[in-house]
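A short write-up of the structure that comes next.
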Amino acid sequence: MSKIIGIDLGTTNSAAAVVEAGQPRIIENVEGNRTMPSVVAVNKANERLVGLLAKRQSVTNPKSTIFSVKRLIGRKWTDPEVQRDKAWLPYEMKESGSGGVEIKLGDEWRSPEEISAMILAKIKADCEAKLGETIDEAVITVPAYFDDSQRQATKNAGEIAGFKVRRILNEPTAAALAYGLNKKTNEKIVVYDFGGGTFDVSVLEVGGDTVEVKSTGGDTHLGGDDFDKAINEYLVKEYKKQEGIDISNDALALQRLKEATERAKHELSTSFEAEINLPYITSDAAGPKHFLMKLTRAKLEELVRSEIDRSITILDKVITDAKLNIKAIDEIVLVGGQTRMPAIQEAVKKYFGKDPHRDINPDEVVALGAAVQAGILQGDVKDILLLDVTPLSVGIETLGGIFTRLIEKNTTIPTAKTQVFSTAADSQTSVEIHVLQGERQMASDNKTLARFILDGIPPSPRGMPQIKVIFDIDANGILNVSAKDKATGKMQSVKIEASTGMSKEEVERLKAEAAASAETDRAKREIAEVRNNADQLLYTAEKSLRDASDKVPAEVKDGINKKIEALKSVKDGSDLERIKSATAELSNEIQKIGAAMYGKGAQEPPHEPSEGPGTK
Amino acid sequence: MNNDEQKKEGPPMEGEGEQLKREREEYLNGWKRAKADLINYQKDEGKRFEEVMKFGMAEMMRDFIPVLDSFDLALSMFEREGKAERGMYMIQAQLEDALKKKGLERMTTSVGMVFDPALHESVGEIESDAPPGTIAEEIEKGYRLQGRIVRPARVKLAKLKTQN
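Chains as they are written, first to last, in numbering that gives the first Met the number 0: chain A, 0 to 615; chain B, 0 to 163.
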């Protein structure tokens, strides 16, 4: 069965997404972008251009470049909105035979559905190229306020483009689906959608399996483009004040300013000040002129304050009209690129007194939600494998009481992990495997799941034996831990049935505990690690002295012994810095062994390479 | 559901063997699918990583292009005033070479070229001797990163001279 795609057919931009392996993702178009301008054009050679290419020639071909067709689709010619838009849209339009709208594209008159179909056909072709398969079915989104005629026209557009339109989905519903809010029960959700050219507010009610639009409102001529315009006008005016030069008729200067402003606007979402630096913006009799101005976030907010306030007034009206109390709203979802602006997020937060959802890219959330709906319709492959995750980390206790994790929390099961450990002392013939679960750094703070002993390890120096520890959690959450000595092949294992049998509350409590004590735990772990290092070095130092006792002068030995004693005396204390410095001193001191030996070795060249460095 | 009901409703009674066989198929298919999903995911991930490596620089280059534009403007201003100095061109070449190493290429656009929105963006029209609709002037240079357009060349198109 071919895939069903989800399409956000927007006023200024469109996007498409598909569900793969249970997750919706945006499909890039052939130009390599994740969204595409909703623009169609016919050039002088009578070739049709759609998307970015159509936009790139719009300045010199305004009569045959059609944008914002969504404002016209499915509307009557006499619709006040159409009459209002007719005044500012640069292309020609007229009343169609059936009382609708017709638009002149090149030499032909086309219905808005046909224009939209051209956008959808490009999306279809791009998705097919990207996914490498034929796409026949789609879910297309429309604003919640679209009436039957507008919905039908959008559906027709899809069919003209060669899609079987499986569903016409409301944009706010799609946004809620993208956030998985359809799984909630009896919730009221507000979707605040501040796009490039339009502003929409919707109240949704989720109950059972349905998402119902309770009320909608908005302004079809309020959007991020108004912000850009306000900033540009301010900068042009400011520049005139400062330099006495009017650049409002200089197309190139304006173009550069517009781009720099857009960059500054984006920058001000994360920083408080942006610099607009445009050298050689123009020139006059006195020579070249430069444009250098700082724009602060506060100034930007002041410039667009009235637009933001207007959106909140509309929001308030929609909530009031729906006879809802602000307190009754459970979730708020932000849609549209302009909602990245901190001032908008704050205004919405202030109005509701709670944080809105804004983790998903607000330019993509509607398309992603449409893909989620498509996935539901497709009834994805019957999922007989419901995979669980381990709620907490599991591991073993290692030298110094440290908890060494083998399987981290949130790992999808079934899973297995192997790690090789060794002994901590010379001639150690058995190891205890202490299996623990939890998020704390030290073993003693975590929960013991099991303990077992692996013995029969042949006596050997510490660090030599190789003990392979395997953690295996099966699909039922049963943990199998085994330890195997590589030399003898001896093995012990334990099966822990209840490793994931904890209640959700218990798991949460343990995680919270771990987070709360992260700092002290880190300190404990650090001191344990520093002590382990000290131990290791003491062992090496003593062994080296034994091995090389006849080759090293007495004063070197004495020096090392002193440092060994010094380290031993501080090692079990709690002064981290003293242990560290004593370790470093000993480490420096024992290098004298090598120096002394090589000093001698220089006179009698080495002839037994097996005794050289490499054997520890 | 007991056996009597099953008989009445018609579906043939499913023997234990049949059921096991069906389940086995289902599980085997699920397993294959999961394995295939993983392999496909790994392949896709590899491709995505390549893309990121290749075009991850596009953002940075978009920030550099206005600097190159300003350089062009500055040099043409100096040229007009007869103050152009060789060192300036050398600095420009240094900057361009450094960016070229990262895959940024300057596109050549010439007067009279056919306007192609895949490569060019029109910002206006001027009277010109060039055939109408072709490129009459390059305002800002176009750039490719690893072959992909990061900024189209900004051009003015030719229109017929008005008769005097």
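We put the beta carbon where it would ideally sit given N, CA and C, even for glycine.
Suppose you measure from the CA of residue i to the CA of residue j; what does that come to, to the nearest Å?
i        : j        : result
Val569/A : Glu330/A : 57 Å
Ala284/A : Asp245/A : 14 Å
Gln337/A : Ala15/A  : 20 Å
Ala594/A : Val430/A : 37 Å
Val18/A  : Arg24/A  : 6 Å
Met117/A : Lys101/B : 37 Å
Lys53/B  : Arg262/A : 23 Å
Ala273/A : His265/A : 9 Å
Asn276/A : Arg105/B : 23 Å
Ile65/A  : Ile72/A  : 12 Å
Glu438/A : Lys446/A : 10 Å
Lys228/A : Ala514/A : 47 Å
Ser201/A : Thr319/A : 12 Å
Ala92/B  : Arg85/B  : 11 Å
Ala415/A : Ile134/A : 39 Å
Gln22/A  : Ala370/A : 9 Å
Leu130/A : Asn532/A : 54 Å
Thr411/A : Val551/A : 56 Å
Val380/A : Asp358/A : For Val380/A, the pLDDT reaches just 44, beneath the cut-off of 50, and the residue's location in the model is therefore unreliable, leaving the point undetermined.
Asp225/A : Gly196/A : 8 Å
Val154/B : Gly123/B : 7 Å
Give the range of the beta strand (DSSP E) segment to which residue i is assigned.
i        : result
Arg143/B : Tyr142 to Leu144
Asn532/A : Where Asn532/A is concerned, there is no enclosing beta strand (DSSP E), although the alpha helix (DSSP H) it sits in stretches over Ala517 to Asp546.
Gly86/B  : Not the beta strand (DSSP E): Gly86/B falls in the alpha helix (DSSP H), residues Arg85 to Lys100.
Met490/A : Met490 to Ile495
Phe66/A  : Thr64 to Phe66
Ile64/B  : Here Ile64/B belongs to no beta strand (DSSP E); instead the alpha helix (DSSP H) covers Ala57 to Arg79.
Ala137/A : Glu136 to Val141
Arg147/B : Arg147 to Arg150
Val620/A : Not covered by the structure: residue 620/A. The range shown for chain A is 0 to 615.
Can you tell me whether residue i is helix, strand or coil according to DSSP?
i        : result
Glu363/A : coil
Trp30/B  : helix
Glu27/A  : coil
Gln22/A  : strand
Val303/A : helix
Asp315/A : helix
Trp87/A  : helix
Leu159/B : coil
Lys485/A : coil
Gly206/A : strand
Lys381/A : For Lys381/A, the predicted structure reports a pLDDT of 46, less than 50, and the residue's modelled location is therefore unreliable. A value from the coordinates is still provided. Note: Lys381/A maps to coil in three-state DSSP.
Leu19/B  : helix
Val58/A  : coil
Asn441/A : According to the sequence provided, residue 441/A is Met. The question's Asn does not apply to it. In the structure shown, Met441/A sits in a strand (DSSP, three-state: E or B).
Ile456/A : coil
Gln149/A : helix
Between which two residues does the alpha helix (DSSP H) holding residue i run?
i        : result
Val447/A : For the sequence presented, residue 447/A should be read as Thr rather than Val. Taken as a continuous stretch (DSSP letters only), Thr447/A belongs to no alpha helix (DSSP H), being part of the beta strand (DSSP E) at Lys446 to Leu453.
Ala342/A : Pro341 to Phe351
Asp227/A : Gly223 to Glu242
Asn616/A : Any question about residue 616/A goes unanswered here, given that chain A covers just 0 to 615.
Glu107/A : Note, Glu107/A: premise wrong, no alpha helix (DSSP H); beta strand (DSSP E) at Glu107 to Arg109.
Gln254/A : Ala250 to Glu266
Lys163/A : It is not in any alpha helix (DSSP H) - Lys163/A instead sits in the beta strand (DSSP E) that spans Lys163 to Asn169.
Let me check one thing: in DSSP terms, what residues is residue i bridge-paired to?
i        : result
Met92/A  : Ile102/A
Thr133/B : Val113/B
Asn155/A : DSSP, once it has assigned bridges, lists no residue as partnering Asn155/A.
Pro36/A  : Asn12/A
Phe402/A : Glu396/A
Met292/A : Ile275/A
Tyr191/A : Val200/A and Leu333/A
Asp283/A : Gly286/A
Thr414/A : Ile472/A
Asn670/A : Residue 670/A is absent from the model: chain A starts at 0 and stops at 615.
Phe420/A : Ile466/A
Glu211/A : Glu204/A
His220/A : Paired residues: none, contrary to the question.
*Which residues, in order along the region 32-47 of chain B, keep a beta-carbon less than 7 Å from a beta-carbon of chain A?*
Correct list: Arg32, Ala33, Asp36 and Tyr40.
*Which residues, in chain order, does the region 58-90 of chain A contribute to contact with chain B at a C-beta distance below 9 Å?*
Along the region 58-90 of chain A, the positions whose C-beta sits under 9 Å from a C-beta of chain B are Val58, Thr59 and Asn60, read in chain order.
*Of the residues that make up the region 39-54 of chain A, which ones have a beta carbon closer than 7 Å to any beta carbon in chain B?*
Considering only beta carbons, the part of the region 39-54 of chain A lying closer than 7 Å to chain B consists of Lys43, Leu48 and Leu52, in chain order.
_Within 8 Å of chain A by C-beta, residues of the region 98-117 of chain B in sequence order_ = Identification of residues in the region 98-117 of chain B having a C-beta nearer than 8 Å to some C-beta of chain A yields Phe114, Pro116 and Ala117, given in sequence order.
_Under 7 Å (Cβ pairs) to chain A, residues found in the region 122-141 of chain B_ = Cβ contacts with chain A come from Val122, Gly123, Glu124, Gly132 and Ile138.
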